[in-house]
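What follows is a set of notes on a single structure, which appears directly below.
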């Protein structure tokens, strides 16, 4: 809004604004919007194969090569061999594997038993 003033030396125009640019805060309220991130997929160890001899000789080392693949997200996986007759862990290992990657450790095992070996290979992700 402009007002017209008549002064002795001539006409001058003076501009005046009201209510624009000035504010009075009557109330405020905080708010939160939670972030939504895509879920992080855990690793999923899948046993692909086990390479082992058909027989072993008591007291003589032999080699076992388990092969695992990570069928989940990038993660730290574990692998272990258990003697099922004694419930004893014979070997174990950890590896950080990217999704879709494989791991094949070479493990040397010496058994002193004189009976058949009943083993179990266990693989999973570390929590």
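Residue numbers (full-length UniProt numbering): 1 to 127.
From the three backbone atoms N, C-alpha and C, an ideal C-beta is built for every residue, glycine too.
All values reported here derive from a predicted model rather than from experimental measurement.
- The alpha-carbon separation between residue 27 and residue 37 amounts to approximately 32 Å.
- For a cut-off of 8 Å, the C-beta gap from residue 44 to residue 104 is around 17 Å, too long to register as a contact.
- In this structure the region 80-98 does not lie against the region 53-62, because fewer than three pairs of beta carbons, one per stretch, are closer than 8 Å.
- Per DSSP, the continuous beta strand (DSSP E) segment holding residue 70 begins and ends at 62-70.
- Of the residues 32, 91, 122, the one whose Cα lies closest to the Cα of residue 63 is 91.
- Excluding its 5 nearest sequence neighbours in each direction, residue 120 has C-beta neighbours in its own chain below 6 Å: 82, 84, listed in chain order.
- Cβ neighbours of residue 125 within its own chain (closer than 8 Å, five residues either side excluded): 42, 43, 44, 45, 72, 75, 76, 77, 78.
- Cβ-Cβ distances below 6 Å link residue 89 to 80, 82 in the same chain, with the five nearest sequence neighbours on each side left out; the list follows chain order.
- Residue range 107-109 is occupied by the beta strand (DSSP E) that includes residue 109.
- Scanning 48, 117, 39, 23 for the CA closest to the CA of residue 54 turns up 117.
- Taken atom to atom, the span from the alpha-carbon of residue 100 to that of residue 123 is near 15 Å.
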